[in-house]
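Residue numbers (my numbering): 710 to 809.
Read the structure below first, then the notes.
Structure below.
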């Protein structure tokens, strides 16, 4: 089975842009956590720029579809969370690193 590192999934998600802002959802800091397991299940915790974002459904589907394209992924679970709430400072400070 392919190595499903969180950073590999993150790199794939970098191509998704928030349609309202025009910036990568990764660079905005909308991806809070990525967990992968050897069976091919990917769990992603993410947020949107506002709680009632009108394009949240579109973004969640894009995340599921893009992550599912990675070799070895058999299922993608996306949890939309709002704790902590997103702020513009998260984009400037965003640095995603998880141990390999």
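The beta carbon of each residue, even a glycine, is placed where N, CA and C say it ideally should be.
If you're wondering where the values come from, they're calculated on a predicted model, not measured in any experiment.
Please check the pair residue i and residue j, which I expect to be a contact at CB under 8 Å, by giving their CB distance rounded to whole angstroms.
{"i": "residue 725", "j": "residue 782", "result": "The Cβ separation is near 15 Å, so there is no contact."}
{"i": "residue 722", "j": "residue 740", "result": "6 Å"}
What does DSSP give as the partner residue(s) for residue i in the beta ladder?
{"i": "residue 744", "result": "752"}
{"i": "residue 733", "result": "726"}
Flag this pair as yes or no: are the beta carbons of residue i and residue j separated by less than 9 Å?
{"i": "residue 757", "j": "residue 789", "result": "yes"}
{"i": "residue 730", "j": "residue 719", "result": "no"}
{"i": "residue 764", "j": "residue 727", "result": "yes"}
What are the boundary residues of the alpha helix (DSSP H) that residue i is part of?
{"i": "residue 719", "result": "715-722"}
### Message
Please give me, in chain order, every unbroken run of the beta strand (DSSP E) with length at least 3 that falls completely inside the stretch 767-805.
### Response
784-789
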